[in-house]
Each structure stands twice: as structure tokens, then as C-alpha cells.
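Encoded as C-alpha cells, the structure appears first; notes follow it.
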Amino acid sequence: SGGTQLGSWEKVIMEDGHRTLKWDRGAKCWNGPVRSAEVSVTCGRSTKILSANEPDTCRYVFTMESPIACDEQFKMNNSL
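Below, the structure written as C-alpha cells:
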């Protein structure tokens with residue numbers, strides 16, 4: 024199957040109306056820490072990755088847009 028294990032599911036953080044998904048304890052980097060990933064989800068009509076970064080060695084940060092981050096009013100207004 025291949026690929027690199029970025030981490031095991033850790034938790035969802037809800038803060039100031041923002042949703043962040045976290046994974047931790049992934050595959051160990053060569054000569055570095057274990058991998059981890061964080062996804063900040065913003066409201067949008069479709070689900071898509073907006074950005075992907077590696078701000079620190081083997082720590083991955085993504086920004087994603089998805090209806091799962093929208094409030095009920097947005098969902099009703101947009102037939103989601």
C-alpha cells in the first residue's frame with residue numbers, strides 16, 4: 024500500500040468557532056521526531072485541501088474547506 028503514516032487520530036479542537044483535527048504519533052522521521060498532522064477546517068460548499076505546509080520537521084499543517092465546518096444557517100441557505 025505504501026505511503027507514510029502521518030499519525031493516529033488524536034482529537035478535534037473547537038476554538039472560537041474554528042475546528043482543528045489532530046493526528047499524532049506517526050512514523051518516525053529520519054533523524055527527527057515522529058510525524059504529526061493538523062487540519063484547520065473552514066466553512067465551504069465543497070471539501071478540498073486549500074494548503075499544505077511543513078512548518079517544522081515532520082509536522083504537517085493543512086487548511087481544508089468543507090461543509091462540516093459550516094453552521095446550520097449556512098447549510099440551510101446553500102442546500103447542504
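So the sequence shown is numbered by this note's numbering: it starts at 24 and just counts up by one.
Virtual Cβ for every residue (Gly too), placed ideally from N, Cα, C.
Keep in mind that this is a model prediction, so the values were computed, not measured.
- Cβ-based burial, Met99 [other Cβ within 10 Å; buried from 16]: If you number the sequence shown from 1, residue 99 lands on position 76. By the neighbour-count rule (16 or more Cβ atoms within 10 Å), Met99 is not buried but exposed.
- Using the rule of at least 16 other Cβ atoms within 10 Å of the residue's Cβ for burial, across every protein chain shown, is Cys93 buried or exposed? Residue 93 sits at position 70 when you count from the first residue of the sequence shown. Counting C-beta atoms within 10 angstroms of its own C-beta, Cys93 has 16 or more neighbours from the protein chains shown and is therefore classed as buried.
- Hey, is the segment 78 to 92 in contact with the segment 55 to 70, meaning 3+ C-beta pairs nearer than 8 Å? Taking a cut-off of 8 Å on C-beta distances, the segment 78 to 92 touches the segment 55 to 70, as three or more cross pairs fall below it.
- Item | 8 Å Cβ cutoff met for Glu88 and Thr65 | On the sequence shown, residue 88 is found 65 positions in, with the first residue counted as 1. On the sequence shown, residue 65 is found 42 positions in, with the first residue counted as 1. In contact: Glu88 and Thr65 (Cβ atoms closer than 8 Å).
- Nearest candidate by alpha-carbon position, reference Ala75, set Gly30, Ser63, Thr27, Trp32: The residue given as residue 75 occupies position 52 in the sequence shown. It is Ser63.
- Query: Under three-state DSSP, which class holds Ala60?
  - Reply: Translated into the one-based positions of the sequence shown, residue 60 becomes position 37. Here Ala60 sits in strand by DSSP.
- Would Leu73 be called buried (16 or more neighbouring beta carbons within 10 Å of its own) or exposed? For this step, residue 73 is matched to residue 50 along the sequence shown. Leu73 should be labelled exposed.
- Item | Segment limits, beta strand (DSSP E) that includes Leu44 | In the sequence shown, the residue the question calls residue 44 occupies position 21. Note, Leu44: beta strand (DSSP E), 41 to 47.
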